[in-house]
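Notes for the one structure printed next.
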Amino acid sequence: MDATKLRRAIARTPLAPVAAFPKRLARVARHDARVLRTSARWLVTSREHHNYTYELTTLSRHHLAWFVSVVCDVPVTRVRACLAEIEGDQELRRHIERATAAAPRRGLADRHVRYARRIGWYAIVRARRPAHVVETGVDKGLGSCVLAAALLRNAAEGHPGRLTSLDINPEAGYLARATPWADVIDLVIGDSVASIGALDRPVDLFLHDSDHSRVHEKREFEAVEAKLAPGAMLLTDNVTATNVLAEHAERTGRRFLAYRETPAGHWYPGDGIGVAW
52 MDATKLRRAI
62 ARTPLAPVAA
72 FPKRLARVAR
82 HDARVLRTSA
92 RWLVTSREHH
102 NYTYELTTLS
112 RHHLAWFVSV
122 VCDVPVTRVR
132 ACLAEIEGDQ
142 ELRRHIERAT
152 AAAPRRGLAD
162 RHVRYARRIG
172 WYAIVRARRP
182 AHVVETGVDK
192 GLGSCVLAAA
202 LLRNAAEGHP
212 GRLTSLDINP
222 EAGYLARATP
232 WADVIDLVIG
242 DSVASIGALD
252 RPVDLFLHDS
262 DHSRVHEKRE
272 FEAVEAKLAP
282 GAMLLTDNVT
292 ATNVLAEHAE
302 RTGRRFLAYR
312 ETPAGHWYPG
322 DGIGVAW
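To convert a position in the sequence shown, counted from 1, into the working numbering, add 51.
Have a look at this one:
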């Protein structure tokens, strides 16, 4: 009996799990070795301790383009052009590098600029042309800069808009305090739910990216509902951890779709974008 016939014969016996164990072990070992190498490299080369930044894999970037195309109902070629636009914005990239290098907490930040799923936020703002964007959770202000860059491009094309950025930390947003990006940003320090309640103009695009507990995320979407403009779009950065926005979409008669990113060369499994519209 040749080797192939022998393997097939064993596969039909109680010995099959034992015979397959070495092959299964080898595959797990190769996978774990890759993860350990990636993790060790990150520990040596990165300074970040949260809000990790990374590039997307090529496949993940392709999927993101199609995701934005579907939720915004625009051609995927237009979305790809928007992704290339933000990735090629050298003025913004240089600003982030310089501001990071000069920041008091630069010891906990990487100077290399990596946007990951935030390029999807940019493309959505470019496609939707909102007059008022609200984001909760600012941290360093990387996402705020990306959203502001999209609003500035829209304004240059005759569609002005502003970004209201909400965070409870008075040190938040140091990347977003320079012109021209700061010219379209209103940075509000305080509790996000209370700040949402105090908004004085309709919200066209809302992004949850603050306290990622299920309870707080739900409170934000409930609070912003009365502030939304007709046809407003809701986004969450917490879609890989909770089903809060999907449930909110169902209760309010909206559609919902989720995208999960895949980081390139990073140990972190990635976050995503949830959209209700």
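We put the CB at the ideal spot given by N, CA and C, even for glycine.
_Let's see if you can read the secondary structure: which residues bound the alpha helix (DSSP H) around Leu219?_
Position 168 of the sequence shown, counting from 1, holds the residue named residue 219. According to the sequence provided, residue 219 is Ile. The question's Leu does not apply to it. Per DSSP, Ile219 belongs to no alpha helix (DSSP H) and is neither H nor E.
*Evaluate the contact criterion for the segment 223-234 versus the segment 192-203: three or more CB pairs, one atom per stretch, below 8 Å.*
Yes, they touch.
_Count Cβ pairs between the segment 145-153 and the segment 212-221 that sit closer than 8 Å; are there 3 or more?_
No, they do not touch.
*Report the residue from Leu115, Thr109, Val184 and His100 whose alpha carbon sits nearest the alpha carbon of Arg157.*
Counted from its first residue, the sequence shown places residue 157 at position 106. Checked all of Leu115, Thr109, Val184 and His100; the closest Cα to Arg157 is His100.
_Beta-bridge pairing of Asp237 - partner residues as DSSP gives them_ = Within the sequence shown, the letter at position 186 stands for residue 237. Answer is Thr215.
_Alpha carbons only, please: which of Gly282, Pro281 and Val254 is nearest the one belonging to Glu271?_
To locate residue 271, count along the sequence shown from 1; it is residue 220. Minimum Cα distance to Glu271 is reached at Val254.
*Taking 8 Å as the cut-off, decide whether the C-beta atoms of Ala227 and Gly192 are in contact.*
In the sequence shown, counting from the first residue as 1, residue 227 sits at position 176. In the sequence shown, counting from the first residue as 1, residue 192 sits at position 141. Their beta carbons are under 8 Å apart, which means Ala227 touches Gly192 by this criterion.
*Please state if the CB of Ala116 and the CB of Val130 are separated by a distance shorter than 8 Å.*
For the purposes of this step, residue 130 is identified with residue 79 of the sequence shown, where counting begins at 1. For the purposes of this step, residue 116 is identified with residue 65 of the sequence shown, where counting begins at 1. Going by C-beta atoms, Val130 is nearer than 8 Å to Ala116.
*asked:* If you measure between the beta carbons of Trp143 and Glu186, is that distance less than 8 Å?
replied: Residue mapping note: residue 143 aligns to position 92 of the sequence shown, counting from 1. Residue mapping note: residue 186 aligns to position 135 of the sequence shown, counting from 1. Rather than Trp, the amino acid found at residue 143 in this sequence is Leu. No, the pair does not count as a contact, with Cβ atoms beyond the cut-off.
*What are the residues that DSSP puts in a beta bridge with Phe257?*
In the sequence shown, residue 257 corresponds to position 206, counting from 1. In the DSSP output, where bridge partners are listed per residue, Phe257 has Val185 and Leu285.
_Pairs of beta-carbons, one from the segment 164-180 and one from the segment 101-108, closer than 8 Å: are there three or more?_
The segment 164-180, when compared against the segment 101-108, does touch it at the 8 Å Cβ threshold.
_Residues of its chain near Ser120, where Cβ-Cβ distance is below 7 Å and the 5 sequence neighbours each way are ignored_ = Counting from 1 along the sequence shown, the entry for residue 120 is found at position 69. Here the set comprises Pro126, Val127 and Val130.
*asked:* Looking at the strands, I want to know which residues DSSP matches up with Leu226.
replied: Residue mapping note: residue 226 aligns to position 175 of the sequence shown, counting from 1. Looking at the DSSP assignment, Leu226 forms no beta bridge with any residue, so it has no partner.
*Could you pull the start and end residues of the alpha helix (DSSP H) that Ala309 belongs to?*
Here residue 309 is taken as the residue at index 258 of the sequence shown, counted from 1. Premise fails: Ala309 lies in the beta strand (DSSP E), Phe307 to Arg311, not in any alpha helix (DSSP H).
*Between His210, Ile247 and Ser195, which lies nearest to Thr230 when the distance is taken from Cα to Cα?*
Working through the sequence shown from its first residue, we reach residue 230 at position 179. Closest in C-alpha terms to Thr230, from the list His210, Ile247 and Ser195, comes Ser195.
*Cβ atoms of Val295 and Thr287: under 8 Å apart, would you say?*
As a working note, residue 287 is residue 236 in the sequence shown. As a working note, residue 295 is residue 244 in the sequence shown. Cβ atoms of Thr287 and Val295: closer than 8 Å.
*Short check: CB of Thr108 to CB of Ala315, under 8 Å?*
Stepping through the sequence shown from its first residue, residue 108 is reached at position 57. Stepping through the sequence shown from its first residue, residue 315 is reached at position 264. The answer is yes: Cβ separation under 8 Å.
*asked:* Nearest by alpha-carbon distance to Gly171: which of Ala207, Arg85, Ala206 and Val122 is it?
replied: Indexing the sequence shown from 1 puts residue 171 at position 120. Residue Val122 is the option with its Cα nearest to Gly171.
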